[in-house]
DNA sequence: AACATTTTTGAATGACTATTCAAAATGTTT
DNA sequence: AAACATTTTGAATAGTCATTCAAAAATGTT
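Chains as they are written, first to last, in the working numbering: chain E, 1 to 187; chain W, 1001 to 1187.
See below:
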């Protein structure tokens, strides 16, 4: 039996790029063909259909994101400093010329219609991130404060994912974050 | 010479509904035809093309939104109480079964690609709202604090527009908002 | 009532959409 | 090297997309 001649993860990374930037609806399978270099038949054999390819792309993106968050939090001297690092990293991203928010956030907004499976997937993954924050916070604070602060962090991160499109917004966001989360160990 | 037989604003309201929920790409002109009851030719004569109809829909939505914000702020006993009212109203919206974030936010995220005119329009309108908040804040606080708090409000509102999709998130958002904006006159 | 102008109609257009499939190529196993 | 199972190929399919346009209807003006 013949083995697939492409690297699945490489293909997914290219699909992530396309879907992330264009969105589910605006990205065509023709563009996927062009971006990956695969022929339609190969794509459909490997991922079933557009939705399947999108789902696996989103799952890979979410996995990478969660891993990165865990890595930063684990490597930081404290949870607060870890969060500050993540926030600053998000600000830096927003300075990029073709800034494109967050794939999970974009998907949740685009595919919100009743019971869409991809919307649900994005929603679940974002919730996982919040739960991770909360579990760290509960080592320092009571369950109530931890819950509130986890939500507060999420609100600020989501806010940045939208506000980041405003021109020259980096410094304003830094100010707004300090204003909203004074309990973080700002440098 | 014959006059148009439809009410432009009524048609726009139906277009807003469709574009808001589905997004620019996923909403088809066929669906516009169905939703408005107009024939393709009439739509194209009145709005030139899909982009024209979308632009005018977005402008109308933004106008209504800005007017509503001004109305609430003008009618409230203080700016802080007005903001609290707006925030609570946003939370209430998020409880709706087919909650759909904010048309401006969704458009900004969907159409972010390089120099898109509709993306820019959404961005400008959102910036107008921030400027309005800032101008009110500057009556009470110095320019620096006012700028920071205006950004903080926007970050929280944007955050809610994403977080609102999480199930049963209303009370958690209320807590997160208090946590992030303790300077507001919470009831 | 006749005319001039604009709007409505709705089928038609060509481009693009996701997806399929029989045939050819590939790699693995015997 | 033969037999087998899987993958690749790429043109083809049927459907949907935004948009157009000539003819018909509707309106305002004379």
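We put the CB at the ideal spot given by N, CA and C, even for glycine.
Would you identify the three-state DSSP class for residue i, choosing helix, strand or coil?
i	result
residue 1098/W	coil
residue 1179/W	helix
residue 1007/W	coil
residue 116/E	coil
residue 106/E	helix
residue 1023/W	coil
residue 1075/W	helix
residue 1066/W	helix
residue 89/E	helix
residue 49/E	coil
residue 146/E	helix
residue 184/E	coil
residue 1136/W	helix
residue 39/E	coil
residue 166/E	coil
residue 1002/W	coil
residue 1028/W	coil
residue 1018/W	helix
residue 155/E	helix
residue 54/E	helix
residue 1126/W	helix
residue 1012/W	helix
Taking 8 angstroms as the CB-CB limit, is residue i close to chain E?
i	result
residue 1165/W	yes
residue 1080/W	no
residue 1149/W	yes
residue 1089/W	no
residue 1019/W	no
residue 1141/W	no
residue 1127/W	yes
residue 1123/W	yes
residue 1063/W	no
residue 1152/W	yes
Nearest to residue i by CA position, among the options, is which residue?
i	options	result
residue 50/E	70/E, 180/E, 32/E, 59/E	32/E
residue 17/E	4/E, 39/E, 98/E	98/E
residue 1004/W	1035/W, 1043/W, 1022/W	1043/W
residue 23/E	86/E, 150/E, 142/E, 53/E	53/E
residue 1114/W	88/E, 165/E, 80/E	165/E
residue 103/E	142/E, 119/E, 187/E	119/E
residue 14/E	45/E, 46/E, 57/E	57/E
residue 1009/W	1030/W, 1036/W, 1111/W, 1138/W	1036/W
residue 69/E	59/E, 78/E, 77/E, 83/E	83/E
residue 133/E	71/E, 45/E, 41/E	71/E
State yes or no: is the beta carbon of residue i nearer than 8 angstroms to at least one beta carbon in chain W?
i	result
residue 155/E	yes
residue 172/E	yes
residue 161/E	yes
residue 100/E	yes
residue 187/E	no
residue 26/E	yes
residue 180/E	yes
residue 158/E	yes
Our contact map puts residue i next to residue j with C-beta atoms below 8 angstroms; I'd like the distance itself, whole angstroms only.
i	j	result
residue 154/E	residue 130/E	5 angstroms
residue 162/E	residue 1172/W	19 angstroms between Cβ atoms; not a contact.
residue 1185/W	residue 1081/W	6 angstroms
residue 1175/W	residue 148/E	4 angstroms
residue 94/E	residue 187/E	Not really, about 19 angstroms apart at Cβ, beyond 8 angstroms.
Requested in this report: Could you name the residues of the segment 1106-1120 of chain W whose beta carbon sits closer than 8 angstroms to any beta carbon of chain E, in the order they occur along the chain?
Outcome: 1106, 1108, 1109, 1110, 1112, 1113, 1114, 1119
Query - chain W contacts made by the segment 66-77 of chain E, where a contact means CB separation under 8 angstroms - result: none
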